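Asks: Residue numbers (the numbering used here), protein chains in the order written: chain D, 22 to 382; chain B, 22 to 382.
Number of protein chains: 2
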Amino acid sequence: MLKYRAGSGCGSGAARSGGKGQYAGVVATESREVRLAKRPQGEPGLDCFSFASVTLPDPGQGEVLVRNLCMSVDPYMRGRMNEGKSYVPQFEIGKPLEGTAVGRVIASRDEKLPVGTLVLSMYGWRDAYVAPAAHLRVVDATAAPASAYLGILGVTGLTAWVGLFTIAKLKDGETVFISAGAGAVGSAACQFAKMHGCRVIASAGSEDKLLFLRNELKVDYAFNYRNGDAREHLSKAAPDGIHVYFDNTQGTQLEAALYALLPYGRVAMCGGIAGYNVPVPGPRNLIQAVGKRLRLEGFIVSDHFKEMPALLAEAVPALAAGKLINRETFVDGLDRAPEAFLELLRPGAGNIGKMVVRLAE
Amino acid sequence: MLKYRAGSGCGSGAARSGGKGQYAGVVATESREVRLAKRPQGEPGLDCFSFASVTLPDPGQGEVLVRNLCMSVDPYMRGRMNEGKSYVPQFEIGKPLEGTAVGRVIASRDEKLPVGTLVLSMYGWRDAYVAPAAHLRVVDATAAPASAYLGILGVTGLTAWVGLFTIAKLKDGETVFISAGAGAVGSAACQFAKMHGCRVIASAGSEDKLLFLRNELKVDYAFNYRNGDAREHLSKAAPDGIHVYFDNTQGTQLEAALYALLPYGRVAMCGGIAGYNVPVPGPRNLIQAVGKRLRLEGFIVSDHFKEMPALLAEAVPALAAGKLINRETFVDGLDRAPEAFLELLRPGAGNIGKMVVRLAE
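1. Does the stretch 175-185 of chain D come close enough to the stretch 145-153 of chain D that 3 or more CB-CB pairs lie under 8 Å?
2. DSSP beta-bridge partners for V136/D?
3. Ignore the nearest five residues each way along the sequence and tell me which others in Y280/D's own chain have a CB closer than 7 Å to its CB.
4. Contact criterion: CB-CB distance below 8 Å. Does G63/B meet it with respect to chain D?
5. What are the boundary residues of the beta strand (DSSP E) that includes D353/D?
6. What three-state label does DSSP hand P359/D in the structure shown?
7. For K313/B and chain D, any beta-carbon pair shorter than 8 Å?
8. Between V378/D, R287/D, G303/D, H156/D, which has its C-alpha nearest L141/D's C-alpha?
9. So, is D356/D buried or exposed, given that buried needs 16 or more other C-beta atoms within 10 angstroms?
10. Does any residue of chain B have a CB that is nearer than 8 Å to the CB of A336/D?
11. Tell me the DSSP bridge mates of I222/B?
12. Determine the DSSP secondary structure at Y266/B, reduced to helix, strand or coil.
13. Which residues in chain D have a C-beta closer than 7 Å to the C-beta of M290/B? List them in chain order.
14. What does D324/B touch in chain D if you count any residue whose Cβ is under 8 Å from its own?
15. Following the continuous alpha helix (DSSP H) through R88/B, name the residue where it begins and the one where it ends.
16. Can you tell me which of the three DSSP states V176/D falls into?
17. Relative to the ligand ZN, is the shortest distance from any of its heavy atoms to the C-beta of D68/D smaller than 7 Å?
18. Assuming R60/D and N103/D are in contact, meaning their beta carbons sit under 8 Å apart, how far apart are those beta carbons, in whole angstroms?
19. Using the beta-carbon count (16 or more within 10 Å), is Q271/D buried or exposed?
20. List the residues of chain B that G262/D touches, going by C-beta distances under 7 Å, in chain order.
21. Classify L383/D as helix, strand or coil using the three-state DSSP reduction.
22. Contact defined as beta carbons within less than 8 Å: I believe F267/B pairs with V94/B. What is the distance between those atoms, to the nearest angstrom?
23. Give a yes or no on whether the minimum CB-CB distance between E253/B and chain D is below 8 Å.
24. What is the residue span of the alpha helix (DSSP H) that G207/B lies within?
25. What are the boundary residues of the alpha helix (DSSP H) that includes L283/B?
26. Helix, strand or coil for G46/D? Go by DSSP, reduced to three states.
27. Could you spell out where the beta strand (DSSP E) holding V74/D opens and where it closes?
28. Could you check whether V85/D and V126/D sit closer than 8 Å to each other, using their CB atoms as the reference points?
29. Using the C-alpha atoms, what's the distance from T187/B back to N298/B?
30. Does the CB of R305/B have a neighbour CB from chain D at under 8 Å?
31. At the level of alpha carbons, what is the spacing between A205/D and G374/D?
32. Could you list which residues in chain D have their beta carbon closer than 8 Å to that of V109/B, in chain order?
33. For L238/D, decide whether its Cβ has a neighbour in chain B, counting only Cβ atoms nearer than 8 Å.
34. Take F198/D and list the residues in its own chain whose beta-carbon comes closer than 6 Å to its own, dropping the five residues that flank it on each side.
35. Between the C-alpha atoms of K230/D and G296/B, what's the straight-line distance to the nearest angstrom?
36. What does a CB cutoff of less than 8 Å around L366/D pick up in its chain, not counting 5 residues either side in sequence?
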């Protein structure tokens with residue numbers, strides 16, 4: 022089993038951004054990257070990944086050279102390893118994987134991104150890269166540690182936000198059940214729902230995670246989905262029923278939620294970690310959706326990037342004030358990125374909150 | 022197996038409404054009624070029903086005595102036979118069943134409903150009844166046969182209308198798949214979708230029904246869900262995918278539809294005939310809903326009665342002009358109402374279009 026470190030974020034503090042000019046000359050740089058070696062059948066193994074070193078070109082006009090500080094691994098990447106058409110492009114065999122990363126500009130031929138600038142990109146799974154400045158977004162590491170922009174202030178947080186408020190239309194005072202509540206998206210969703218005055222029920226797969234849910238995120242009821250029946254837990258936690266289910270798992274927890282949902286209940290279908298490697302049976306009680314007029318709706322966060330300013334307006338000050346927690350689990354070094362990713366897919370995965378791979382500093 | 026009659030409607034023609042005053046005196050009347058004898062475990066049998074004769078009271082002020090001409094049997098009634106709370110009230114053991122019926126006023130103590138008036142009510146499963154005039158709706162049998170108000174001009178038609186346009190937001194030119202397309206709701210949905218310029222794919226369980234779908238309803242592609250794989254049929258019928266699925270069955274056809282749906286596709290969850298008696302496994306591919314941002318939404322027609330005028334404005338003239346067909350399958354006599362109902366639940370049921378039990382005239 023993977024060993025983790027709970028740590029102090031990565032790329033935190035503005036002090037390190039003082040290197041402006043340090044690498045102003047154009048430099049050739051080696052970068053190691055992680056490539057898709059083969060497509061998995063069922064559960065992926067380390068043999069699905071390979072490593073390669075490449076020599077980066079000099080940045081051209083309007084481009085920058087960036088050294089990554091930290092990168093994200095996310096469950097949705099499992100789907101991108103499969104063959105066949107999908108609505109997120111598949112990873113290609115022999116090509117580097119992709120994902121969000123925060124890095125520092127170390128050589129620049131674009132005046133808007135001077136050396137030292139911290140930038141968010143989709144160029145994860147590699148130590149460094151050259152890219153057009155227009156593909157990158159500047160992040161403010163004085164407001165929060167850089168890695169928070171992979172987590173609650175980034176795509177992870179936006180996924181929780183969109184699922185709760187845009188898709189499920191969660192309203193103040195309602196009761197919401199969030200599966201995989203101690204994971205990256207789940208822990209953001211638990212907190213946003215609490216901030217909006219909702220009653221929160223969350224599930225997780227280990228005692229450590231339950232403690233985190235109860236003691237740090239202050240959810241109203243937390244249960245281990247591997248101890249006892251989810252349907253019984255929901256009956257106990259919300260005898261009058263739930264209004265919204267934020268679904269990260271599908272499988273038996275979706276089935277339990279369908280029973281617990283009140284008329285006109287909503288399900289934000291965010292993911293299906295229970296079945297990413299091996300398909301799980303569908304809920305046997307989908308007929309509940311007819312009599313109770315339920316709405317089940319899937320979403321992909323990239324359709325909703327325009328909502329990022331609304332999230333940041335609320336979350337940046339809340340994080341600074343200690344009203345939000347961006348809990349992270351760190352793994353160090355690009356070499357261990359495949360392990361960190363595979364761990365996410367394991368039932369009862371060891372990470373609490375966002376899994377971040379630190380690459381430098 | 023049940024024997025049917027294809028017939029000429031019931032209560033058709035305005036001539037019969039000339040009996041005004043004929044039964045103006047207050048009369049005591051016997052009525053036979055069908056009661057719930059016991060709750061079914063799995064597939065219901067005839068032993069779940071009992072018959073009783075009751076003496077009706079004289080109508081009080083504001084009440085009328087009505088003799089039913091025809092009554093509806095519908096798959097949703099299976100759910101009302103179960104125990105436990107639901108969002109449509111359950112039938113009660115020892116009490117008469119309920120459902121829509123069209124009847125004629127034969128004694129009246131309400132001036133708005135003179136003797137001879139045809140009225141639609143929820144007092145099906147009985148030959149006659151006394152009820153407050155305010156609970157009844159007058160129907161115009163000069164515009165269409167009375168039984169059409171149980172079918173395409175009634176709750177059946179409204180179910181199709183609401184599912185397609187209000188829930189699934191079907192737009193002109195889109196492709197829609199309708200399971201149980203030759204049934205009461207399905208055959209209305211096929212026709213409304215065609216009238217709105219959509220491409221229609223429909224499934225059914227017998228060759229007679231396929232002929233009806235192809236030759237009378239003019240759907241674009243019809244297939245027998247028991248011959249071959251629904252997923253292959255959908256690939257062939259709509260190689261570019263479908264926009265909407267009108268789901269009357271759940272089960273394997275829902276699973277096939279989830280594969281065929283285009284991004285942002287919609288599923289109107291109307292019923293689950295595949296699993297009314299014995300639960301069927303849920304779709305194993307519900308994860309499709311996430312990547313394709315699908316919306317699956319259940320509905321109950323009684324939430325949408327306010328849309329009836331919009332339906333009638335379009336459907337009454339279309340029916341009169343022969344642009345809509347209200348296909349019916351008739352069973353004669355209250356004694357055979359339980360059989361007619363049970364037949365609806367049988368895979369490959371013999372009825373085409375609306376199953377109507379004729380009670381008089």
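Ideal Cβ placement from N, Cα and C applies to all residues, glycine included. A quick note: this is a predicted structure, and the numbers were derived from the prediction, not measured.
Replies: So, to answer that:
1. These segments do not touch.
2. For this step, residue 136/D is matched to residue 115 along the first sequence. According to DSSP, which records beta bridges pairwise, V136/D is partnered with nothing at all.
3. Locating residue 280/D in the first sequence gives position 259, where the first residue counts as 1. Cβ within range, chain order: R252, N306, Q309.
4. Taking the second sequence and counting its residues from 1, the one referred to as residue 63/B is at position 42. Output row for G63/B: interface = no.
5. As a working note, residue 353/D is residue 332 in the first sequence. D353/D -> beta strand (DSSP E) spans 349-353.
6. As a working note, residue 359/D is residue 338 in the first sequence. Three-state DSSP puts P359/D in a helix.
7. As a first step, residue 313/B must be located in the second sequence, where it is residue number 292. Yes, K313/B lies at the interface with chain D (some Cβ there is under 8 Å from its Cβ).
8. As a position in the first sequence, residue 141/D is number 120, starting the count at 1. Minimum Cα distance to L141/D is reached at H156/D.
9. As a position in the first sequence, residue 356/D is number 335, starting the count at 1. So D356/D counts as exposed.
10. What you label residue 336/D is simply residue 315 of the first sequence in a count that begins at 1. A336/D does not count as touching chain B.
11. Along the second sequence, read from residue 1 onward, the residue named residue 222/B stands at position 201. Per DSSP, F198/B, Y242/B.
12. Along the second sequence, one-based indexing puts residue 266/B at 245. Residue state, collapsed to three classes: strand.
13. As a first step, residue 290/B must be located in the second sequence, where it is residue number 269. Those within 7 Å of M290/B in chain D are A310, V311.
14. Taking the first residue of the second sequence as position 1, residue 324/B is located at position 303. Correct list: R314.
15. By one-based count along the second sequence, residue 88/B stands at place 67. Per DSSP, R88/B belongs to no alpha helix (DSSP H); it is in the beta strand (DSSP E), 84-93.
16. Taking the first residue of the first sequence as 1, we reach residue 176/D at position 155. Residue state, collapsed to three classes: helix.
17. Among the components modelled here there is no ligand, and therefore nothing to report on the ligand ZN.
18. For the purposes of this step, residue 60/D is taken as the residue at position 39 of the first sequence. For the purposes of this step, residue 103/D is taken as the residue at position 82 of the first sequence. Confirmed, about 6 Å.
19. As a first step, residue 271/D must be located in the first sequence, where it is residue number 250. By the neighbour-count rule (16 or more Cβ atoms within 10 Å), Q271/D is buried.
20. As a working note, residue 262/D is residue 241 in the first sequence. Within 7 Å Cβ-Cβ: nothing; G262/D doesn't reach chain B, min ~11 Å.
21. Because residue 383/D is not part of the residues shown, which for chain D are 22 to 382, the question remains open.
22. Taking the first residue of the second sequence as 1, we reach residue 267/B at position 246. Taking the first residue of the second sequence as 1, we reach residue 94/B at position 73. So it is not a contact: roughly 21 Å between Cβ atoms.
23. Start at 1 with the first residue of the second sequence, and residue 253/B comes out as number 232. Judged by the 8 Å Cβ criterion, E253/B is not in contact with chain D.
24. Along the second sequence, one-based indexing puts residue 207/B at 186. Run containing G207/B: 205-216, per the alpha helix (DSSP H) assignment.
25. The residue given as residue 283/B occupies position 262 in the second sequence. Where L283/B is concerned, there is no enclosing alpha helix (DSSP H), although the beta strand (DSSP E) it sits in stretches over 282-290.
26. Reading the first sequence from its first residue, position 25 is the one you call residue 46/D. Since pLDDT at G46/D reaches only 46, below the 50 mark, its modelled position is unreliable, and no value is offered.
27. Numbered from its first residue, the first sequence carries residue 74/D at position 53. A small correction: the amino acid at residue 74/D is Ser; Val does not occupy that position in the sequence shown. Taken as a continuous stretch (DSSP letters only), the beta strand (DSSP E) holding S74/D covers 70-77.
28. Mapped onto the first sequence, residue 126/D falls at position 105. Mapped onto the first sequence, residue 85/D falls at position 64. Their beta carbons are under 8 Å apart, which means V126/D touches V85/D by this criterion.
29. Here residue 298/B refers to the residue found at position 277 of the second sequence. Here residue 187/B refers to the residue found at position 166 of the second sequence. Take the alpha-carbon of N298/B and the one of T187/B: they are about 28 Å apart.
30. Along the second sequence, read from residue 1 onward, the residue named residue 305/B stands at position 284. Chain D, which has a Cβ nearer than 8 Å to the Cβ of R305/B, makes this yes.
31. One-based indexing of the first sequence puts residue 205/D at position 184. One-based indexing of the first sequence puts residue 374/D at position 353. When rounded, the distance between both Cα atoms is 4 Å.
32. Start at 1 with the first residue of the second sequence, and residue 109/B comes out as number 88. Result: G312.
33. Translated into positions along the first sequence, residue 238/D becomes position 217. No, no contact with chain B.
34. Start at 1 with the first residue of the first sequence, and residue 198/D comes out as number 177. Short of 6 Å from the beta carbon of F198/D, and not among the five residues preceding or following it, lie these beta carbons of its own chain, in chain order: I222, I263, Y266, A278.
35. Mapped onto the first sequence, residue 230/D falls at position 209. Mapped onto the second sequence, residue 296/B falls at position 275. K230/D and G296/B have their C-alpha atoms some 38 Å from each other.
36. If you number the first sequence from 1, residue 366/D lands on position 345. Here the set comprises E64, P65, P96, R99, I294, Y297, N298.
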